[in-house]
Amino acid sequence: MNGPLLLLILPVALAAFAHPYAVHSRYKRQFDASHTPQIDLNITVPYIFSARLYPYGAARGDALLSGSSQSLKLSSPVNFLGQKFDTLYIRRDGAIGFSSKPLRPSRLPIAEAIIAVYWMPSQGGKVHFRETNEQSILNLAQNEVNIQYRYGSSFRPTSVVVVTWENTHDLSVNTAEGNLFQVAIIYSGSGTFAHIVYSKLSSNNEAIAGFSGRDGHYSLPDSGTHNAIQLAEKSDIGIPGEFLFRIDSDRVFLCGAGFKQGHITVLTNAVLPLKGLECIDACDATEWGLDCARQCHCEGGSQCNAETGICPNGRCNPGWTGEPICEDDVDECAERKNLCPPEQPDCLNTPGAFLCLCFEYDNVTSTCKGSPQLPQTESKSIPVKVVPLQPVLVSTTQKSRFPVTSTASTSSAAATIRQTTTPVLGTTFPPCRCGQNAECVAGVCQCKQGWTGDGQLCTDVNECFGEPSICGPHSICENSAGSYTCQCDIGYIFDDDGKCIDMDECAEGVVVCGDGKNSSICVNTDGAYECRCAPGYAGHPDSQHGCVGKPYLTYCCQCALGFELRTVLHACFCQVAAIHSMPLCILNNIKYNV
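Under mature numbering (1 follows the signal peptide of the UniProt record, and there is no 0), read the sequence shown as residues -15 to -1, 1 to 579, first letter to last.
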């Protein structure tokens, strides 16, 4: 297992010595052979891996964020920096909060608990989010955690929250292309992990990246600076743009148990002690340790004897063998066939664990080309007399996916032939040579869903042309190859049923009238909104002078019946002898005694 990996990394590792950071121990990590030099993962890995996103989008059941923030009720509470929360608040500005309180991007720590993925004032793009317990995603998440923390089967996630910010960008930038980044919150009752993936960062306004809670905080490199955009090139797990942290207790763990100083203590209002992102201290030449040249992997992450390498209880962590020293990796891929799910069928052995990947994806069939085949069944051959039968018996040197059984009858006998050796006798359907966007079904070429034709020539079905109202009112249908998409008109958003409803821009807080002054108000209308002056103000919020206060109100006075008004004295006098009556003052058609 280690041989091929050395061939892949070693040529690149030699270049690390020329890097300006080569002399800094915080960037170094020892490899698993005593003669191999230390390598800088932040330098070598760009040539090997690139950031990987968890599957996302409408096809995976994601919801789309409407407005600036939206709540997500969790199936079970999640532990975050020493506290329990049952609701997340997904924010358009690149963060996940734990309360509905409005927040502005600020350097950590802050008073409110928050996960700042790439937190800055943002606009545009889409924000996808979902909580899932889909087994393939749980397996993927467990693999990621085990590679870094080596917990083996002792940690099994029960749920994963995947939030993806797609093409969001800085407020000062007007572009359709923006940032693409994601966080997967992996949790169960025994732990919470944040897997952050920066796939593409093209816009930055001193974005904040890190965690803040009641008891402490932790910031990623260059958080809150103009260099935050370089997070797409850095990592703490050896893949550029990817970071993995354990975040359930009152401190953020970068590595698993058994490392020398395998965590960073998080202190409120204090500068964190700097230590390599790989969390590695140099080992002595003869020292046994979890990450030394002489490695031991004891059950529960316990530290082995530094001189002998023997584990305290003589048992190994899952994925390792060789008791009582536990230095030999178990190759799960070689020992267990069909270990990975069909979506990611290619098994890659890693130290103490394994990784399920898709090395080659087929965009035509939307499947992985390495999908495992059903195992072939071995059976003994039997001699048979070849007689003219229908269907035709053919000879081939190709191996079939299935054990083939041919049963046919004649007037004299019945013969059953089972595939056993090569050449093979078996029944075959006529060969399928289908056109593009078609598939072979029981020997017949058929166009795939969303296409029409005879299986040789398939043309796209324009769903929008046949059913103009397929998307419902206040929406636009956009045809695409083999499918279609629905887009809401401007001023409308999708509801939970996928229908377009009016967006209340005023309530969502996406509109600011009159620079946010109290002299103007926002009024929602169907599919739009209006900015108006507040009562007591005149003008228009968008005019040159905006909304201005009305001058003092004019009034007039009139006397009661039997009295007359003398304007010079501003008083009422009797016209005739009568009982005195107090004059009345009329102000805006409302009478007041004066």
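Built from N, CA and C at the ideal position, the CB exists for glycine as well.
Query                                                                                                                                                                       : Result
Per DSSP, threonine 306 is paired with what?                                                                                                                                : Asp313
Roughly how many angstroms lie between the CA atoms of asparagine 334 and alanine 291, to the nearest whole one?                                                            : 27 Å
For a test of the three-state rule: what should DSSP assign to tyrosine 172, helix, strand or coil?                                                                         : strand
For aspartate 511, is the classification buried or exposed, using 16 other Cβ atoms within 10 angstroms of its Cβ as the cut-off for buried?                                : exposed
Please look up how many angstroms separate the CB atoms of valine 102 and valine 168, rounded, as I've assumed it's under 8 Å.                                              : 5 Å
Exposed or buried, which one is alanine 3 when buried takes at least 16 other CB atoms within 10 Å?                                                                         : Because the pLDDT of alanine 3 is 37, which lies under 50, any placement of that residue in the model is unreliable, and the number read from its coordinates should be weighed accordingly. Answer is exposed; the Cβ neighbour count stays below 16.
Is the separation between the beta-carbon of glutamine 472 and that of serine 454 shorter than 8 Å?                                                                         : no
In chain order, what residues of the same chain have a beta carbon less than 7 Å from the beta carbon of isoleucine 575, not counting five sequence neighbours either side? : Confidence at isoleucine 575 is low in this model, with a pLDDT of 40, below 50, so the placement of that residue should be treated as unreliable; the coordinate-derived value is given next. Within the same chain, isoleucine 575 has no close Cβ partners at all.
Nearest CA to the CA of threonine 293: which residue from Gly286, Gly137, Cys281?                                                                                           : Cys281
Leucine 125 by DSSP, collapsed to three states: which one?                                                                                                                  : helix
With DSSP run on the structure shown, which of helix, strand or coil describes leucine 59?                                                                                  : strand
From the DSSP output, read off the bridge partner residues of histidine 459.                                                                                                : Answer is none; histidine 459 lacks a bridge partner.
Count the other CB atoms, across all protein chains shown, that sit within 10 Å of the CB of threonine 177; report buried if there are 16 or more and exposed otherwise.    : buried
In or out: asparagine 503 buried (at least 16 other Cβ within 10 Å) or exposed?                                                                                             : exposed
Count the other CB atoms within 10 Å of the CB of valine 426; is the residue buried (16 or more) or exposed (fewer)?                                                        : exposed
Tell me whether the beta-carbon of tryptophan 305 lies closer than 8 Å to the beta-carbon of cysteine 289.                                                                  : no
State the start and end residues of the unbroken alpha helix (DSSP H) segment that holds histidine 490.                                                                     : The identity of residue 490 in the sequence shown is glutamate, whereas the question assumes histidine. 490 to 493 is the span of the alpha helix (DSSP H), which, as asked, contains glutamate 490.
What does DSSP give as the partner residue(s) for residue 590 in the beta ladder?                                                                                           : Past the edges of the chain, shown from -15 to 579, lies residue 590, and the structure says nothing about it.
State yes or no: is the C-beta of glutamate 206 within less than 8 Å of the C-beta of tyrosine 172?                                                                         : It is proline, not glutamate, that sits at residue 206 in the sequence shown. Against a cut-off of 8 Å, the Cβ pair of tyrosine 172 and proline 206 comes out as no contact.
If contacts are defined as beta-carbon pairs under 8 Å, then residue 580 and tryptophan 150 qualify, I think. What distance do you get, rounded to the angstrom?            : Since the first residue of the chain shown is -15 and the last is 579, residue 580 is not available in this structure.
Who pairs with alanine 556 in a beta bridge, going by DSSP?                                                                                                                 : Arg551
Going by CA-CA distance only, name the one from Ala43, Cys443, Asn64 that's closest to isoleucine 100.                                                                      : Asn64
Please classify phenylalanine 228 as buried or exposed, where buried requires at least 16 other C-beta atoms within 10 Å of its C-beta.                                     : buried
So glutamate 345 packs on glycine 52, CB below 8 Å; how close in whole Å?                                                                                                   : Actually they do not touch by this definition, with Cβ atoms about 40 Å apart.
Taking 8 Å as the cut-off, decide whether the C-beta atoms of valine 148 and isoleucine 222 are in contact.                                                                 : no
For residue 628, which residues from the same chain have a beta carbon less than 8 Å from its beta carbon, with the 5 sequence-adjacent residues on both sides left out?    : In the structure as shown, the chain begins at -15 and stops at 579. Residue 628 is therefore absent and cannot be evaluated.
Using three-state DSSP, classify phenylalanine 450 as helix, strand or coil.                                                                                                : helix
Apart from the five residues on each side of it in sequence, which residues of its chain come closer than 8 Å, Cβ to Cβ, to aspartate 47?                                   : Tyr41, His113, Phe114, Arg115, Val147, Thr149
Hey, could you find the ends of the beta strand (DSSP E) lysine 111 is sitting in?                                                                                          : 111 to 117
Between which two residues does the beta strand (DSSP E) harbouring residue 584 extend?                                                                                     : The chain is shown from -15 up to 579; residue 584 falls before or after that span and cannot be answered.
Using a 10 Å radius around the Cβ and a threshold of 16 neighbouring Cβ atoms, would you call asparagine 131 buried or exposed?                                             : buried
Return the residue from the list Gly531, Asp233, Cys432 that minimises the CA-CA distance to lysine 69.                                                                     : Asp233
DSSP state of asparagine 290, grouped into three classes?                                                                                                                   : coil
Going by DSSP, name the residue or residues bridged to asparagine 159.                                                                                                      : Asparagine 159 is not bridged to any residue.
Please return the same chain residues whose Cβ sits closer than 8 Å to the Cβ of glutamate 97, not counting the five positions on each side in sequence.                    : Gly82, Phe83, Ser84, Lys86, Leu88, Ser197
What is the rounded straight-line gap between the Cα of aspartate 489 and the Cα of glycine 476?                                                                            : 8 Å
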